[in-house]
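Here is the structure we will look at, set down as structure tokens.
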């Protein structure tokens, strides 16, 4: 099993990369595929297994996986005659960090306590 180094966890996104990642996720089947890969973790999934799980035609899934890979949110690795796709957790965390970088003006987020 592969571990993520501290350096990988500290990836920083620029605006262009964030827009590319968000655009890739802004489609229902790609979002479902990405979520399935997040759930699969480091073991990843083959396109055949994903297509079956998600009820997506393999040719359509291939197109969506290519878009996710182009955005940096997904990687693939050959294993025998198959490709194993994995969510790039460091890239996902970088996107979340980009979106929440200045959350609540540096204060703790959440509702303010009601006045007595």
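Residue numbers (the numbering used here): 9 to 124. For each residue, glycine too, the CB sits at the ideal point set by N, CA and C. Quick caveat, the model's predicted, so the values are computed rather than measured.
State the start and end residues of the unbroken beta strand (DSSP E) segment that holds residue i.
i: residue 92; result: 90–95
i: residue 85; result: 82–87
Hey, out of the options, whose CA is closest to residue i's CA?
i: residue 38; options: 110, 82, 50; result: 82
i: residue 56; options: 48, 50, 65; result: 65
i: residue 21; options: 101, 117, 110; result: 101
So if DSSP puts residue i in a beta bridge, which residue, or which two residues, is it bridged to?
i: residue 66; result: In the DSSP output, where bridge partners are listed per residue, residue 66 has none listed.
i: residue 39; result: Answer by DSSP bridge pairing: none, since residue 39 is not bridged.
i: residue 53; result: 93
Could you please give the first and the last residue of the uninterrupted alpha helix (DSSP H) stretch that includes residue i?
i: residue 23; result: 23–33
Between residue i and residue j, which are expected to be in contact by the criterion C-beta below 8 Å, what is the C-beta distance as a whole number of angstroms?
i: residue 95; j: residue 45; result: 4 Å
i: residue 52; j: residue 92; result: 4 Å
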